[in-house]
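The numbering used here numbers the first residue of the sequence shown as 6 and each following residue consecutively. A virtual CB, placed ideally from N, CA and C, is assigned to each residue, including glycine. First up is the structure itself, then whatever we jot down about it.
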Amino acid sequence: MAKPHPFHSIHTHGFVRVGACTPRASVGDCAANADATIALAKDGHAQGADLLVFPELNITSYAIDDLHLQTAQHRATEAAISAVVAASTKLRPVLIVGAALPRNGRLYNCAVVIARGRILGVVPKIFLPNYREYYEKRWFASGAGLTNCEIALAGQTAPFGTDLIFAANDLPHFIFHAETCEDFWAPTPPSTLGALAGALICCNLSASNIVVGKARERAMLCAAQSARAMCGYVFSAAGPGESTTDLAWDGQAMIHELGDLLAESSRFNRASEIVFADIDAERIAQERMRVGTFNDAARLAGNPELAFRRIAFDHKPDLKDIGLRRETRRFPFVPNTPEKLDQDCYEAFNIQVEGILKRFEAARAERLVIGVSGGLDSTHALIVAAKAMDRLGLPRSRILGFTMPGFATSDATKDNAWALMRALGVDGDEIDIRPAARQMLADMGHPFASGEPAYDVTFENVQAGLRTDYLFRLANQRGGLVVGTGDLSELALGWCTYGVGDQMSHYAVNAGVPKTLIQFLIRWCIRTDQYDPETDAILESILATEISPELVPAGADGAIQSTEAKIGPYALNDFFLHYVVRHGMAPSKIAFLALHAWRDASAGRWPRDFPATARTAYDLPTIASWLEKFLIRFFATSQFKRSAIPNGPKVSSGGALSPRGDWRAPSDGTARVWLEELARGLP
């Protein structure tokens with residue numbers, strides 16, 4: 006049997022599979038609790054988990070009050086831990102279990118970290134709640150200030166203290182920290198220092214009884230801590246089976262990454278449960294490198310990595326294909342839930358409106374000048390401009406829209422352009438660029454002027470350049486501001502004519518918006534009645550039109566020039582763009598994620614309003630082929646165009662390509678590093 010290629014393993018790409026466990030609890034029966042823990046540990050092993058996090062005091066039980074101080078309970082707890090340690094010998098996951106442990110005449114509420122028969126360390130709880138329904142200071146001592154200590158437990162001597170983080174020797178980004186319940190309700194959660202010391206995954210063992218509204222509070226704290234501390238955050242609260250003398254328990258378990266929820270439990274489940282997710286620990290490390298504030302915080306905290314003990318262990322990851330346990334959006338720039346999609350479209354559209362509105366006022370312009378082709382980009386720029394005029398209380402006739410048919414302009418797109426201008430009430434006109442283009446081609450001695458069907462890049466760029474040249478001169482003549490229509494995707498691919506061409510404008514209103522998002526912005530405008538029904542009908546027609554530059558006449562078969570046939574599907578290109586610019590990911594990892602996002606059209610969620618007929622799938626060879634072309638265009642041939650980009654608003658946190666903002670790179674760079682990495686990483 007052939008050995009599986011490491012490309013298909015999550016561990017090759019910096020993921021760590023974690024599980025948040027909610028075992029069926031007992032009331033102080035440590036042996037039963039150990040059995041429940043071991044059963045879930047075996048399940049986690051079968052599911053390929055690397056790390057399993059259990060609730061607070063899950064071995065001892067939480068709600069047993071003064072029984073915490075009974076010697077028999079302490080002995081039963083240690084025996085139960087011994088059983089879990091013994092069972093872990095042949096299991097892959099690292100286990101973090103909760104137990105009350107005596108040490109030096111004090112009792113501590115602890116997180117016990119166990120791996121392959123070894124107790125890696127014991128972390129005592131720092132913040133002990135002693136208000137409302139909690140009386141932990143009655144039984145437990147705080148672990149505050151305990152560093153460089155040890156504990157004898159289950160026949161082993163293990164590191165003990167609040168200065169521990171744990172790191173796998175053989176899985177570079179598997180580095181984690183543990184805290185307990187109230188610790189992350191404190192203004193200064195211990196996990197903050199753990200993250201600043203290098204932990205990429207922070208874990209919380211919680212008991213946390215349930216009252217109305219508390220689940221929302223926990224979710225908010227988990228999301229906030231994972232965002233602020235730039236980490237993965239695994240939270241597990243005690244579930245059914247704990248004593249309900251005065252309290253109840255819901256078993257809420259959650260896994261977050263950089264503020265995003267990856268997985269959550271069903272709650273109030275009477276059976277034991279694990280929720281799994283693959284945390285992208287490599288992405289977290291990359292994000293920290295990008296955000297200087299994180300490093301500044303570490304310095305202001307006295308460089309915690311110098312104060313923490315890093316407990317090393319051999320994890321022995323199995324580099325086989327165990328799938329990917331997280332949702333990977335097909336459209337990273339487009340949310341796939343209706344609520345988030347509406348919110349993002351509202352914000353993106355209004356960012357653009359405010360951008361062009363401010364520039365129009367600052368330039369003291371009389372008009373906005375736009376070339377209207379009937380395609381997606383110019384359509385979107387035009388409706389943004391129309392809304393800006395509405396906000397300013399000015400007539401839309403202050404917008405000058407020009408159709409400029411060339412040698413391949415279709416009747417359909419020109420008709421749509423005119424219909425849209427009329428519906429919006431802008432001042433429309435038409436300039437046929439073909440006579441000027443023929444003259445220029447003849448002056449150059451281009452073979453097209455002699456009747457040959459020579460449709461090369463010069464033939465295309467003569468048309469693109471003339472259109473922009475006309476727009477600038479028209480703006481000079483009429484006191485106007487040329488509105489650029491090119492989008493973020495075209496800038497990434499260099500799919501624009503440099504200089505006197507569609508790369509240049511007075512204000513590039515679409516420069517921060519990728520092609521995939523523009524389609525959804527137009528759909529959002531239709532759905533939310535930003536314009537009138539006549540305009541909406543024309544917008545629907547434009548959305549259904551093939552994306553084409555319309556610079557080369559249709560072939561003998563009638564097929565028009567297709568942009569995506571030349572440079573690749575925009576859906577894939579925008580996917581590549583997001584992970585290159587926003588996350589700096591290696592190409593092989595981008596291919597891995599793209600495969601999981603796009604290989605099955607029937608799997609996962611599609612954004613609202615995305616046509617069922619357009620839902621497609623891509624296999625790995627297709628993804629790899631287009632990714633290679635993207636890398637060449639992005640890194641080697643297009644940066645000089647981006648270095649001279651006009652002003653335009655940043656729209657998405659996914660990044661922008663302005664050299665004054667998110668992206669700065671040499672114009673004479675090479676794609677070799679990225680192409681070689683892709684070649685090495687693929688099967």
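Residue range of the beta strand (DSSP E) that includes residue i
i	result
residue 235	First-last for residue 235: undefined, no H or E at that position.
residue 162	161-165
residue 125	123-129
residue 180	180-185
residue 432	432-435
Cβ shell of residue i (< 6 Å), same chain only, five flanking positions each side left out
i	result
residue 706	Residue 706 lies beyond the range of the chain shown here (6 to 688); nothing can be said about it.
residue 267	260, 282 and 331
residue 547	384 and 421
residue 182	170, 196, 199, 204 and 207
residue 587	659 and 660
Start and end residues, alpha helix (DSSP H) containing residue i
i	result
residue 90	76-92
residue 52	Here residue 52 belongs to no alpha helix (DSSP H), and DSSP marks it neither H nor E.
residue 292	286-295
residue 211	First-last for residue 211: 206-211, but that is the beta strand (DSSP E), not the alpha helix (DSSP H).
residue 377	Looking at the DSSP string, residue 377 is not in any alpha helix (DSSP H), and its letter there is neither H nor E.
residue 62	That residue, residue 62, is in no alpha helix (DSSP H); it is neither H nor E in DSSP.
residue 244	Per DSSP, residue 244 belongs to no alpha helix (DSSP H) and is neither H nor E.
residue 627	625-636
Neighbourhood of residue i by C-beta, 8 Å cutoff - its chain only, sequence neighbours within 5 removed
i	result
residue 454	443, 446 and 447
residue 485	370, 371, 372, 373, 374, 405 and 479
residue 651	489, 509, 510, 511, 512, 513 and 516
residue 526	350, 353, 354, 385 and 518
residue 325	9, 13 and 14
Residue i - DSSP class collapsed to helix/strand/coil
i	result
residue 259	strand
residue 114	strand
residue 579	helix
residue 322	coil
residue 665	coil
residue 475	helix
residue 360	helix
residue 497	helix
residue 412	coil
residue 557	coil
residue 604	coil
residue 199	helix
residue 407	strand
residue 168	coil
residue 527	helix
Environment of residue i [buried if 16+ CB atoms lie within 10 Å]
i	result
residue 574	buried
residue 127	buried
residue 275	exposed
residue 658	exposed
residue 346	buried
residue 462	exposed
residue 136	exposed
residue 520	buried
residue 108	buried
Straight-line Cα distance separating residue j from residue i
i	j	result
residue 255	residue 246	10 Å
residue 361	residue 323	53 Å
residue 292	residue 151	31 Å
residue 164	residue 71	27 Å
residue 86	residue 119	9 Å
residue 249	residue 113	23 Å
residue 46	residue 36	15 Å
residue 611	residue 53	28 Å
residue 343	residue 614	9 Å
residue 170	residue 239	15 Å
residue 576	residue 336	7 Å
residue 535	residue 64	58 Å
residue 676	residue 584	16 Å
residue 468	residue 494	21 Å
residue 472	residue 409	7 Å
residue 621	residue 668	31 Å
residue 629	residue 16	20 Å
residue 155	residue 166	8 Å
residue 179	residue 316	12 Å
residue 49	residue 271	17 Å
Beta-carbon proximity list for residue i, same chain, < 7 Å, skipping 5 on both sides
i	result
residue 224	259
residue 2	Past the edges of the chain, shown from 6 to 688, lies residue 2, and the structure says nothing about it.
beta-carbon residue i near the ligand NAD non-hydrogen atom, thresh 7 Å
i	result
residue 279	Although the ligand NAD was asked about, the structure shown includes no ligands whatsoever.
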